[in-house]
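S.K.:
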Amino acid sequence: MIHGPASDAEIPGWISALGIDGLVDLHLHFLPKPVMDKVWAYFDQAEEHYGMAWPVLYRTSEEERVETLRSFGVRRFAPLVYPHKPGMAAWLTSWALEFAERVPEAVPTGTFYPEPGALSVVDGALRAGARCFKAHVQIGAYDPRDELLDDVWGALADAGVPVVVHCGHGPLKGAYTGLRLFEEILVRHPRLTLVLAHAGMPEIDFAFELAGRYPRVYLDTTMVGVEFTSHGNPLPPDWQDLLAEFPDRVVFGTDFPNIPYSYATQLQAIAGWAADDRLGEPFLRAVLHDTPAKLLSV
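This note's numbering applies: residue 11 is where the sequence shown begins, and numbers increase by one.
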């Protein structure tokens, strides 16, 4: 069990042997086709942007991607959307809610941007049943402390709905990235249910510090501990100790379909962490199913 699935084809049997009825992926992406096409075009130029190639492995139609997740045994997932400029958040949220209506495994999600009406978008999404939100500080290039978002953070904290926030410096530092900057949001809204995307890379140690200070802060596994990111964002030396201290504050995420390696690769990394005697299969069941299922109320 601990070695992880050797290939995508082995995932269903592996999770069945683990004793869970499927995976719950809290961080992956479905977007309207024109937006997804632009995202893929950006990754096509990854060597220019990041200094390394980033081939999107699961570059197929929306229907095929849904079927791929089903074939892996993904029972529920949060299809995250995110705007990069004003005027996008409302229609992206509307699209994500509609997507969840037609795809049974998809959890209703929403997003927001610091602009007039941001609170109205979030309130409407919550009334429509949204169970997870995405905030991409790096791509959006906005200050999360913007006064236009203060009521949004407060509403989400009151609702207890998780917000997956990409506020770390990886893969590129932005004008308002950095976990210490984002901690100012937690100081003002300590009850916010926050999922630090990519475990806050490269500030993983500080991400765990935040988890220690705020009981509703979680870290997701998206692109963490895989070879693709290990050179620029290595795991801290005390990674296993940190996991043993916070085994129920780590949730499964993958960034599917926008990953340059197999879905099984992320599971292999997580399984490797569980080889520590303090973690084992209970940790795997918590990360891959129980904790994200609790956060998404599924």
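Virtual Cβ for every residue (Gly too), placed ideally from N, Cα, C. All of these numbers come straight from a predicted model, not from anything done at the bench.
Let me check understanding here. Comparing Cα to Cα, which of His146, Thr301, Ala165 lies closest to Val131?
M.R.: Ranking His146, Thr301, Ala165 by Cα distance to Val131 puts Ala165 first.
S.K.: Do Val260 and Pro302 have their CB atoms nearer than 7 Å?
M.R.: No; because the gap between Cβ atoms is not below 7 Å, this pair is not in contact.
S.K.: Can you look up Lys4 in the DSSP assignment and give me helix, strand or coil?
M.R.: Lying before the first or after the last residue shown, residue 4 is absent from the chain, which here runs from 11 to 308.
S.K.: Which class does Lys144 belong to by DSSP, given the choice of helix, strand or coil?
M.R.: Correct three-state label for Lys144: strand.
S.K.: Go ahead and pull the three-state DSSP assignment for Tyr60.
M.R.: Helix, per DSSP.
S.K.: So does the segment 120-128 actually touch the segment 152-164, counting three or more Cβ pairs closer than 8 Å?
M.R.: Cβ pair count under 8 Å is three or more, so yes.
S.K.: Can you give me the C-alpha to C-alpha distance between Ala185 and Phe192, rounded to a whole angstrom?
M.R.: So the two alpha carbons sit approximately 12 Å from each other.
S.K.: With burial defined as no fewer than 16 other Cβ atoms inside 10 Å of the residue's Cβ, what is the status of Ile12: buried or exposed?
M.R.: Counting Cβ neighbours within 10 Å, Ile12 comes out exposed, since fewer than 16 surround it.
S.K.: Between the beta-carbon of Leu38 and the beta-carbon of Phe266, is there less than 7 Å?
M.R.: Closer than 7 Å, so yes.
S.K.: Met233 to Ala138, Cα distance in whole Å?
M.R.: Roughly 31 Å between the two C-alpha positions.
S.K.: Here's a check: name, in chain order, each residue in its chain whose Cβ is nearer than 6 Å to the Cβ of Arg155, leaving out the five neighbours to either side.
M.R.: Excluding sequence neighbours, Arg155 sits near Glu194.
S.K.: Give me the residue from Ala140, Gly222, Ser81 with the minimum Cα distance to Trp24.
M.R.: Comparing Cα-Cα distances from Trp24 to each of Ala140, Gly222, Ser81, the minimum goes to Ser81.
S.K.: Closer than 7 Å by C-beta to Thr264: which residues in its own chain qualify, once you throw out the five before and the five after it? Chain order, please.
M.R.: Here the set comprises Asp35, His37, Leu38, Thr232, Tyr273, Gln276.
S.K.: Look up Asp5 in the DSSP assignment and say whether it is helix, strand or coil.
M.R.: As displayed, the chain neither begins before 11 nor continues past 308, which places residue 5 out of reach and without an answer.
S.K.: What does the alpha-carbon distance come out to for the pair Ile21 and Val84?
M.R.: Computed Cα separation, rounded: 10 Å.
S.K.: Between Val236, Pro225, Phe87, Thr239, which has its C-alpha nearest His199's C-alpha?
M.R.: Looking at the Cα atoms, Pro225 is the closest of the given residues.
S.K.: Assign Leu323 to one of three DSSP states: helix, strand, or coil.
M.R.: Absent from the model: residue 323. The displayed extent of the chain is 11 to 308, so no value can be given.
S.K.: Could you tell me the distance, in whole angstroms, from the CA atom of Val297 to the CA atom of Asp153?
M.R.: If you take the alpha carbons of Val297 and Asp153, they lie about 30 Å apart.
S.K.: According to the Cβ coordinates, are Ala99 and Leu136 closer than 7 Å?
M.R.: No, the Cβ-Cβ distance between Ala99 and Leu136 is not below 7 Å.
S.K.: Check for me: the beta strand (DSSP E) holding Phe87 runs from which residue to which?
M.R.: Run containing Phe87: 84-90, per the beta strand (DSSP E) assignment.
S.K.: Assess, as a yes-or-no matter, whether the segment 233-253 is touched by the segment 45-53 under the definition of 3 or more beta carbon pairs within less than 8 Å.
M.R.: Segments in contact, no.
S.K.: If Gly150 sits next to Tyr92, beta carbons under 8 Å apart, how far is it from one beta carbon to the other, in whole angstroms?
M.R.: Yes, Gly150 and Tyr92 are in contact; Cβ-Cβ is about 7 Å, under 8 Å.
S.K.: Quick one: Cα of Val76 to Cα of Ser307, how far?
M.R.: In a straight line, the C-alpha of Val76 is about 21 Å away from that of Ser307.
S.K.: Start and end of the alpha helix (DSSP H) containing Tyr273?
M.R.: Where Tyr273 is concerned, the enclosing alpha helix (DSSP H) stretches over 273-283.
S.K.: Straight-line CA distance for Pro181 to Ala209?
M.R.: Approximately 12 Å between the Cα atoms of the pair.
S.K.: Apply the 10 Å Cβ neighbour rule to Pro212 and answer buried if 16 or more other Cβ atoms are within range, or exposed otherwise.
M.R.: Classification of Pro212: buried, given that the 10 Å Cβ count is 16 or more.
S.K.: Near Pro246, what residues of its chain come up, given a Cβ to Cβ distance below 6 Å and the 5 sequence neighbours on each side ignored?
M.R.: These residues qualify, in order along the chain: Ile214, Asp215.
S.K.: Hey, out of Ala221, Gln278, Ala56, whose CA is closest to Asp258's CA?
M.R.: That would be Ala221, whose Cα lies nearest to the Cα of Asp258.
S.K.: Going by alpha carbons, who is nearest to Pro96 out of Trp249, Leu158, Met62?
M.R.: Considering only alpha carbons, the answer is Leu158.
S.K.: Which stretch, first to last residue, makes up the beta strand (DSSP E) that contains Leu204?
M.R.: Start and end: 204-206.
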